Every structure is written in structure tokens, then in C-alpha cells.
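Following my numbering, the numbering of the sequence shown begins with 18 at its first residue and continues without gaps. Accompanying notes for the structure given below.
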Amino acid sequence: MSFTTQNQNVFVPPAMLGAIDLIAATNVVSVQILPSSSATAIQQGTAVKLIAGTSGAILVDVQTGPTDAAIFGVIPYNDRKNLYKAGDIVSVVVGGGYMYMRSSAAVARGTGVSITAATTTTDPLVTTDSTSGHFLVGTAIDDCTAANTLIRVQISPSKLA
């Protein structure tokens, strides 16, 4: 998992899972993770889906994979806290934001990518996906030729027909 921290005393910090890029294009909202969520790994880079229920905030839960449900947004990196639990209030990047995400394999620029949920031992991963009925998290903005590479993804949730 991405338990790393950034050195706050540098002029240009390196890319990091969940870091927002191209700041002028971001769209970030606050949401509440479902208080009864059974998710065991909620962290930066985790995709969330909207949930029905009563809450003063937008209510979400972890999206478990490309066939689960429409993605609402993705939890970005936060230099104060990056591991969350049910009931927490978190920020989420929704349509239009650019975020660094970790690839599970080679990804070509411009392709739609889906996301798998984090586990207690692995970060959430994006991969090229063209399977009908799958939910996409967005579009790859960078190329990568190997797994575990940080690439920028434009968050633009959609469903493949």
C-alpha cells in the first residue's frame, strides 16, 4: 500500500499515487464513506460509488471493481491522512480532474482505464479496459510500458456499452 509520505521541504515533489496534477482542471468534493462499509482498505487512489442512505454529506462506498457500479470519483492524496475507515469524511476528485494512478500493466495514452480496489497489501490499480458493461474510471493521459508505473488519468467515469 502507499504508506509513503512526501518531503514537504522540496521545490518539486515527485509524482505520488493519488497526487492531483494539472490543478486548474480539478473538481474536488467532500463525501462521507458509508458508516456501515465493510471495506478493509480505503486509501488514496480508491474509487468510490454513490450509495443510497441518509446523511448530511454525499454518501459513498468503495467501488470494488470494473463490474461493481458506476464510479463517482477517486480519493486523492492528502498529506495529513491517507488511510480511511467507514464513516470518515474524505475529499473525492470527480469528473474532469487529473490524478496520478498506479498501472497494473502497460497502458497506452488515450485509452479508457478501469480500476481494481485496494487491499490491505496492494494499492488500487488501473488497467486498459474495453470490455462491454465495465465501468471506467477515466482516460490514460500518459503511456507506460510496465506494471506499477504512476500515470496521469483524467477522471471521467463512464460505462462501456
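Positions of the beta carbon are idealized from the N, C-alpha and C atoms, including for glycine. Predicted model only: the values in this text are computed from it and were never measured.
Here DSSP, grouped into helix, strand and coil, assigns TYR94 to coil. ARG119 is classed as buried because its beta carbon has at least 16 other beta carbons within 10 Å across all chains shown. For ILE59 and VAL79, the gap between their C-alpha atoms comes out near 7 Å. Taking 3 residues as the minimum length, the beta strand (DSSP E) runs contained wholly in the region 93 to 134 are 106 to 110, 115 to 120 and 129 to 133, in order along the chain. CA-to-CA, the gap between THR133 and ASP146 works out to about 11 Å. Per the Cβ contact rule, the region 99 to 107 is not in contact with the region 166 to 176 (fewer than 3 Cβ pairs under 8 Å).
A Cβ-Cβ contact shorter than 8 Å links ALA164 with ALA122. Take ALA74, set aside five residues on each side of it, and the residues of its chain with a beta-carbon closer than 8 Å to its own are SER47, VAL48, GLN49 and ILE106, in chain order.
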